[in-house]
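J.:
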Amino acid sequence: MNRWLPFCRLTLALAATALISSAAHAGTTSGINLSWNDCGTFGIMQKNFACTANSGSNILYMSAITGLQMDQLNGEASVITLQSNQAALSPWWNLQTGGCRSVALSGGFDFTANVSCLDPWANQAVGGFNYTAGQDNVPNRGRIKTVCAINPSTGITGIDEYYFAKVTVLNSKSTGNGSCAGCDDGVCLVFNQLQVTQPAGVGDVILQNPLGREFVEWQGGGSLVTGGCPAATPTRNATWGSVKSLYR
């Protein structure tokens with residue numbers, strides 16, 4: 385799936401230019417958080433669903449403390465890897481174009497209704513997301529990427545926790561006629577990397593270390609996943625060039 389907002393191409397091109405700049409070193413109190421329902425400790429690690437309804441949604445929040453004051457924040461890019469406890473991703477987790485649930489996943493940057501962490505975007509960020517099943521040639525692995533930009537830039541502190549992106553997984557096609565098998569599979573979802581950007585030459589921040597929790601589970605996801613959660617989907621150091629290529 386590669387579902388970009390139709391009016392964002394120019395903005396994303398400008399953001400890509402900014403993202404090439406050298407990464408700044410974050411301070412000692414910095415890192416990323418991944419939670420269901422809300423940011424960081426205000427959210428939860430484990431999400432369970434009876435798979436008996438096709439309505440409702442499940443929202444993953446990506447938040448962080450950068451450890452560095454950023455006076456010209458203008459975008460973000462994130463990578464989440466998921467892995468199920470089955471030999472291959474089930475139809476329920478086939479969320480890309482042509483999959484059984486190709487319209488059940490979305491990315492977002494509007495946090496105007498959230499108050500637990502700070503909102504850097506004020507609903508002005510424009511961006512998109514994509515999803516790849518069978519990531520790294522591993523049949524039971526998928527990857528979600530988000531990217532957004534804001535114009536003009538804004539400022540954030542290096543000591544407060546901010547919302548940066550969210551991913552919504554709908555409950556559609558979980559039961560009844562036309563349902564997709566695999567809603568009850570256990571899945572680990574790991575927040576691999578967040579890049580928070582400023583204009584070229586000013587300095588970006590790349591965060592890979594957990595602030596509190598860099599992974600969450602769906603239906604007890606760690607059970608039977610090789611290596612457990614999050615060891616099944618380890619964070620890997622990567623240049624921005626390799627991360628940026630994931631969006632093409």
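No gaps in the numbering here: position 217 of the sequence shown is 601 in my numbering, and each next residue is one more. Even for Gly, the Cβ is constructed at its ideal location relative to N, Cα and C. Computed from a prediction, not measured in an experiment: that's the story for all the values here.
1) Mind checking whether A533 and N458 have CB atoms under 8 Å apart?
2) Checking 8 Å against the spacing of the C-beta atoms, do L591 and I464 come in under that value?
3) Can you find a C-beta in chain C that's less than 8 Å from the C-beta of S486?
4) Assign A448 to buried or exposed, taking buried as 16 or more other Cβ atoms, counted over all protein chains shown, within 10 Å of its Cβ.
5) At which residues does the beta strand (DSSP E) containing T425 begin and terminate?
6) For the beta strand (DSSP E) containing C572, list its first residue and its last residue.
7) Just list the residues that DSSP pairs I416 with in beta bridges.
8) May I ask you to verify whether the segment 538-545 touches the segment 512-523, counting CB pairs closer than 8 Å and requiring at least 3?
9) So what's W477 in DSSP terms, helix, strand or just coil?
10) Suppose contacts are defined by Cβ-Cβ distances below 8 Å. Is L444 in contact with L573 by that definition?
11) With a 10 Å radius around its C-beta and 16 neighbouring C-beta atoms as the bar for buried, classify Q577 as buried or exposed.
12) Determine the DSSP secondary structure at N521, reduced to helix, strand or coil.
13) Candidates V571, E601, Q582: which alpha carbon is nearest W476's?
14) In whole angstroms, what is the alpha-carbon distance linking A434 and N555?
15) For K529, list the residues DSSP reports as bridge partners.
16) Could you give the distance in angstroms between the alpha-carbon of D520 and the alpha-carbon of S462?
17) Could you give the first and the last residue of the continuous beta strand (DSSP E) run that contains F599?
18) By Cβ distance, which residues of its chain are closer than 6 Å to D455, with the 5 residues on each side in sequence left out?
19) Using alpha carbons as the reference points, say which of F599, G560, G604 lies closest to A437.
T.: Answer, in terms of the structure:
1) The residue you call residue 533 lines up with position 149 of the sequence shown. The residue you call residue 458 lines up with position 74 of the sequence shown. In this structure, N458 lies closer than 8 Å to A533 by Cβ.
2) Reading the sequence shown from its first residue, position 207 is the one you call residue 591. Reading the sequence shown from its first residue, position 80 is the one you call residue 464. Going by C-beta atoms, L591 is not nearer than 8 Å to I464.
3) This model lacks chain C altogether; it includes just one protein chain.
4) On the sequence shown, residue 448 is found 64 positions in, with the first residue counted as 1. Buried.
5) Numbered from its first residue, the sequence shown carries residue 425 at position 41. No beta strand (DSSP E) contains T425, which DSSP labels as neither H nor E.
6) Taking the sequence shown and counting its residues from 1, one reaches residue 572 at position 188. Residues 571-581.
7) The sequence position of residue 416 within the sequence shown is 32, counting from 1. Note: I416 sits in a beta bridge opposite A448, P594.
8) no
9) Indexing the sequence shown from 1 puts residue 477 at position 93. Looking at W477 - three-state DSSP - the assignment turns out to be helix.
10) Looking up residue 444 in the sequence shown gives position 60. Looking up residue 573 in the sequence shown gives position 189. Taking 8 Å as the Cβ cut-off, L444 and L573 qualify as a contacting pair.
11) Position 193 of the sequence shown, counting from 1, holds the residue named residue 577. Counting Cβ neighbours within 10 Å, Q577 comes out buried, since at least 16 surround it.
12) Against the sequence shown, residue 521 aligns to sequence position 137. Looking at N521 - three-state DSSP - the assignment turns out to be helix.
13) The sequence position of residue 476 within the sequence shown is 92, counting from 1. When only C-alpha atoms are compared, the closest one is V571.
14) By 1-based counting over the sequence shown, the position of residue 434 is 50. By 1-based counting over the sequence shown, the position of residue 555 is 171. For A434 and N555, the distance between alpha carbons rounds to 10 Å.
15) Counting from 1 along the sequence shown, the entry for residue 529 is found at position 145. According to DSSP, K529 bridges with V463, N514.
16) Here residue 520 refers to the residue found at position 136 of the sequence shown. Here residue 462 refers to the residue found at position 78 of the sequence shown. Approximately 17 Å, taken between the alpha carbons.
17) As a first step, residue 599 is located in the sequence shown; it is residue number 215 there, counting from the start. 599-602 is the extent of the beta strand (DSSP E) around F599.
18) Along the sequence shown, one-based indexing puts residue 455 at 71. Excluding residues within five positions, the ones whose Cβ falls inside 6 Å are G539.
19) Reading the sequence shown from its first residue, position 53 is the one you call residue 437. It is G560.
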